[in-house]
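This report concerns only the one structure given below.
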Amino acid sequence: MTGRRTGRALLAGGLLLGTLLASGCGVRPSPVITGRSAVSGPAQGVRLYLVAQGELVLVLRRPTVDDTPSEALARLAAGPQQDERSQGLTSEVPTGFTAVVEVTPTTVGSGDLTVRMTGTARALSPTAIDQVICTAVDAAAQAGRVGSLAPVTIVGSDGAQPARRCPAR
Amino acid sequence: MTLWRSLAAQVLGLRVRLLLAFALLGVTTTAVVASGSYFQARTVILQQAQDAAVMALTDQLAKVYPISQLPPTQEELNVLAQRLSDREGFAVVIYRGMRAQGSPTPAPLTPELRQEVGDGRIAWQRVSQDGQPWLLIGTQLQLDSPDGTSRPSGLEVYSMRDLVPEQQSIDQLATRAWLTGGLSLLLAVLLALLSARGVLRPVRDLGRAARRLGEGDLTTRLTVRGVDELADVARTFNDTAGTLERQVGELRRMESDARRFVADVSHELRTPLAAMTAVTDVLDEEADHLPGDAGQAARLVSQEAQNLTQLVNDLIEISRFDSGTARLALDDVDVAAAVTATLRIRGWADRVRADLPPAVVARLDPRRLDVIVANLVGNAFRHGAEPVSVRLSADPDWVTIEVADQGPGLDPEVRGHVFDRFYKADTARTRSEGSGLGLAISWENARLHRHGGLRGTLVAANGPDGGAVFTLRLPRVTTDAGGAR
Numbered sequence: 000m001t002g003r004r005t006g007r008a009l010l011a012g013g014l015l016l017g018t019l020l021a022s023g024c025g026v027r028p029s030p031v032i033t034g035r036s037a038v039s040g041p042a043q044g045v046r047l048y049l050v051a052q053g054e055l056v057l058v059l060r061r062p063t064v065d066d067t068p069s070e071a072l073a074r075l076a077a078g079p080q081q082d083e084r085s086q087g088l089t090s091e092v093p094t095g096f097t098a099v100v101e102v103t104p105t106t107v108g109s110g111d112l113t114v115r116m117t118g119t120a121r122a123l124s125p126t127a128i129d130q131v132i133c134t135a136v137d138a139a140a141q142a143g144r145v146g147s148l149a150p151v152t153i154v155g156s157d158g159a160q161p162a163r164r165c166p167a168r
Numbered sequence: 000m001t002l003w004r005s006l007a008a009q010v011l012g013l014r015v016r017l018l019l020a021f022a023l024l025g026v027t028t029t030a031v032v033a034s035g036s037y038f039q040a041r042t043v044i045l046q047q048a049q050d051a052a053v054m055a056l057t058d059q060l061a062k063v064y065p066i067s068q069l070p071p072t073q074e075e076l077n078v079l080a081q082r083l084s085d086r087e088g089f090a091v092v093i094y095r096g097m098r099a100q101g102s103p104t105p106a107p108l109t110p111e112l113r114q115e116v117g118d119g120r121i122a123w124q125r126v127s128q129d130g131q132p133w134l135l136i137g138t139q140l141q142l143d144s145p146d147g148t149s150r151p152s153g154l155e156v157y158s159m160r161d162l163v164p165e166q167q168s169i170d171q172l173a174t175r176a177w178l179t180g181g182l183s184l185l186l187a188v189l190l191a192l193l194s195a196r197g198v199l200r201p202v203r204d205l206g207r208a209a210r211r212l213g214e215g216d217l218t219t220r221l222t223v224r225g226v227d228e229l230a231d232v233a234r235t236f237n238d239t240a241g242t243l244e245r246q247v248g249e250l251r252r253m254e255s256d257a258r259r260f261v262a263d264v265s266h267e268l269r270t271p272l273a274a275m276t277a278v279t280d281v282l283d284e285e286a287d288h289l290p291g292d293a294g295q296a297a298r299l300v301s302q303e304a305q306n307l308t309q310l311v312n313d314l315i316e317i318s319r320f321d322s323g324t325a326r327l328a329l330d331d332v333d334v335a336a337a338v339t340a341t342l343r344i345r346g347w348a349d350r351v352r353a354d355l356p357p358a359v360v361a362r363l364d365p366r367r368l369d370v371i372v373a374n375l376v377g378n379a380f381r382h383g384a385e386p387v388s389v390r391l392s393a394d395p396d397w398v399t400i401e402v403a404d405q406g407p408g409l410d411p412e413v414r415g416h417v418f419d420r421f422y423k424a425d426t427a428r429t430r431s432e433g434s435g436l437g438l439a440i441s442w443e444n445a446r447l448h449r450h451g452g453l454r455g456t457l458v459a460a461n462g463p464d465g466g467a468v469f470t471l472r473l474p475r476v477t478t479d480a481g482g483a484r
């Protein structure tokens, strides 16, 4: 009786010790631990959106004297530069693309953006539309005229497309 | 068997059990406390190291801004990776398909870490590579917009930092935890030994006292120490021993009173009996001249007076044994001659088959030897059947006399009681021809002979062919122990 009780106590102690030891000494590998949101900082230059493997890619170009959203769209229409092409970046915006960007301010710092383009808006591929929207809204946001999540309406000779936001995040 | 049992008693003894319990308690407590604080300290150390590393990386990355060129060239990535690498770790910079590394060490970037980083959060993970712990921290480089939102630039930075210093601190903690555990075990064992001694001493005393009491020392008492349960037991033991001593003393007093009464009565009867015997002797002589019934009555009275005298003499004899006043009158005796004389005097010489080798000389009390032999042979004639044989044998230490008959032998029930006083083997026979004390006196006489550790014995048994065999063994050299009982 006593022997059995002692045995049980020993077993319990051994199990406890075993469990403690099994949970490991030293530095053990861990699962992924997440902290706050990623590091962020300022950028110099004009932000354009090119395409690589069907996805929008942000590129930075040297700033010029006149960095209006319309100017940015003009540089986008000019297509990728030599070094960008060599890294596999392309553009679906046609080279003849010209547009004027208008801001419809509601309050300061937030408003709707309208891109009035020459030619038909329907001729643009969805990717090209995204390129135009993102480039225009980023340029306007850099100038402090709208928020970077502002909706953008593209208006062509064939009428207005529904307003969209830049999908790049 | 006894050895095994004593070994088992040692192993399962109170001391070992106390020791085990204390050790188990000490080890369990220390294990829980030490391991608990170990794990907590480990968590704190790792958390601090991780937080500091993340902070350092964030600070370093703040210096990378402003970013002026996207997409970067491989050259720029290499420069960035070199800038972010230092003594404590190295960086991996990834931009889309391009990758630059500040050290040739392979970086074990896990898919789940890349997933979290891709979702726009700083993430870190401890991994083990080549048995060495590493901390991986990853983050995107995002670009601010004036309105406070950010856009991913496509650049991802991973910092690899080895955790060897932390591992060393933690190992040191573990070593200390083991050391503490060992010390506490040692302490527990010492405490257990101390407390076991405290508990075991009274128990051992109690055991020794109980053994002494069992061996008949009724004056045994324990010293009562303290007020605990063991002291209670000791007190109870003392009370019990006291009661026992009183009661046994009372019984002994009553017994000795009874014996003295018998002795006194016997002595008082002797004088009137002597007178009666003188009268009955005269009557006996005249009996033949008396007519009819008167003669018979005279003979009967004479016979009964003789029996009564015998009984009183036997009672006096046995009360001497009881009071311890019986003394041996030792002499060098030729045993064969003594036995022959006994048989001849009682007229049994022709009826007994005697096997008595000559020249067996022993130092003993010849009168008591005569009493014993006469009693045994007389008994054999009375209760057994002829032929009765007496056989003498001797070795350097013992003289042995066997008296055997050819009767029905002794009933097993009777055998244990033949030496009891007034024991009647045949309950139907209300009146024995003897006093009923003969065998008891013989037994006492045999036991009176002693020398060193040897003590005379008288044993009743049954022979191989059925008759009763009484075996008398006496030490060949008897010293007078002086009335010892």
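Residue numbers (numbering that gives the first Met the number 0), protein chains in the order written: chain A, 0 to 168; chain B, 0 to 484.
A virtual CB, placed ideally from N, CA and C, is assigned to each residue, including glycine.
Source: prediction; values computed, not measured.
With a Cβ-Cβ cutoff of 8 Å, do residue i and residue j count as a contact?
i        : j        : result
B:Ile66  : B:Glu155 : no
B:Asp185 : A:Val38  : Residue identity check: residue 185 of chain B is Leu in the sequence provided, not Asp. Against a cut-off of 8 Å, the Cβ pair of A:Val38 and B:Leu185 comes out as no contact.
B:Ala99  : B:Leu76  : yes
B:Ser144 : A:Ser147 : yes
A:Glu70  : A:Thr126 : no
B:Arg224 : B:Pro201 : yes
A:Thr97  : A:Thr117 : yes
B:Arg251 : B:Asp321 : no
B:Leu447 : B:Val398 : no
A:Val45  : A:Arg60  : yes
B:Val389 : B:Val334 : no
B:Thr276 : B:Ala304 : yes
Candidates the options: which alpha carbon is nearest residue i's?
i        : options                                : result
B:Arg352 : B:Ile371, B:Leu457, B:Arg175, B:Glu401 : B:Glu401
A:Ala42  : B:Ala51, B:Phe21, B:Leu142, B:Ile371   : B:Leu142
B:Leu438 : B:Gly451, B:Val126, B:Arg414, B:Arg454 : B:Arg414
B:Arg86  : B:Leu79, B:Gly101, B:Arg207            : B:Gly101
B:Pro110 : B:Ala195, B:Asp170, B:Leu135, B:Ser183 : B:Leu135
B:Ala191 : B:Gly455, B:Leu19, B:Ala7, B:Ser36     : B:Leu19
B:Thr148 : A:Leu14, A:Val31, A:Ser36, A:Ile32     : A:Ser36
B:Ile317 : B:Gly241, B:Glu285, B:Ile440, B:Ala240 : B:Ile440
B:Ala460 : B:His448, B:Asp404, B:Gly294           : B:Asp404
A:Val100 : A:Leu72, A:Arg27, A:Gln86              : A:Leu72
B:Gln128 : B:Thr104, B:Arg113, B:Leu112, B:Asp146 : B:Thr104
B:Val26  : B:Leu375, B:Gly180, B:Asp231, B:Asp287 : B:Gly180
A:Thr94  : A:Gly87, A:Asp111, A:Arg74             : A:Arg74
B:Gln166 : B:Pro365, B:Tyr37, B:His288, B:Gly215  : B:Tyr37
A:Ala162 : A:Ile132, A:Ala140, A:Val145, A:Gln141 : A:Ile132
A:Val31  : B:Leu108, B:Ala296, B:Pro407, B:Ala51  : B:Leu108
B:Leu272 : B:Gly294, B:Gln302, B:Glu74            : B:Gln302
B:Gly215 : B:Gly248, B:Asp231, B:Val476           : B:Gly248
B:Pro70  : A:Thr89, A:Asp66, A:Asp129             : A:Thr89
Taking all protein chains shown into account, do 16 or more other C-beta atoms lie within 10 angstroms of the C-beta of residue i, making it buried, or fewer, making it exposed?
i        : result
B:Leu193 : exposed
B:Pro463 : exposed
B:Arg428 : Residue confidence for B:Arg428 is low, a pLDDT of 47 falling below 50, so the modelled location carries little weight; the figure read from the coordinates is stated next. Classification of B:Arg428: exposed, given that the 10 Å Cβ count is below 16.
B:Gly383 : buried
B:Trp347 : buried
A:Thr134 : buried
B:Ala467 : buried
B:Ile344 : exposed
B:His266 : exposed
B:Val163 : exposed
B:Arg366 : exposed
B:Met253 : exposed
B:Leu11  : exposed
A:Arg121 : exposed
A:Val64  : exposed
Would you check whether the ligand SAH has a heavy atom nearer than 7 Å to the C-beta of residue i?
i        : result
B:Gln139 : You won't find the ligand SAH in this model; it holds no ligand whatsoever.
Could you tell me which residues DSSP pairs with residue i in its beta bridges?
i        : result
A:Ser211 : In the structure as shown, chain A starts at 0 and stops at 168, and residue 211 of chain A therefore has no counterpart that could be examined.
B:Arg125 : B:Leu134
B:Asp161 : B:Trp133
A:Ala51  : A:Glu54
- Item | 4 or more residues per run - each alpha helix (DSSP H) lying fully within the region 312–364 of chain B | Under the rule that a run must span 4 or more residues, the alpha helix (DSSP H) segments found entirely inside the region 312–364 of chain B read 334–344.
- Query: Which full runs of the alpha helix (DSSP H) of 4+ residues lie inside the region 56–105 of chain A, going along the chain?
  - Reply: With a minimum length of 4 residues, the continuous alpha helix (DSSP H) runs that stay inside the region 56–105 of chain A are 68–76, 81–85.
- Segments of 4+ residues assigned as alpha helix (DSSP H) that fall wholly inside the region 364–409 of chain B: The qualifying runs are 365–382.
- With a floor of 3 residues, list each beta strand (DSSP E) that falls wholly inside the region 50–109 of chain B, ordered by position along the chain. Unbroken beta strand (DSSP E) stretches of 3 residues or longer found wholly inside the region 50–109 of chain B: 88–94, 97–100, given in chain order.
- Task: Let me know the beta strand (DSSP E) ranges lying completely inside the region 188–246 of chain B, each 3 residues or longer, listed in chain order.
- Result: Fully enclosed beta strand (DSSP E) runs of 3 or longer: not present.
- Message: As an exercise, report each continuous beta strand (DSSP E) stretch of at least 3 residues that is fully enclosed by the region 438–484 of chain B, in chain order.
- Response: Within the region 438–484 of chain B, the complete beta strand (DSSP E) runs of at least 3 residues are 456–461, 467–474.
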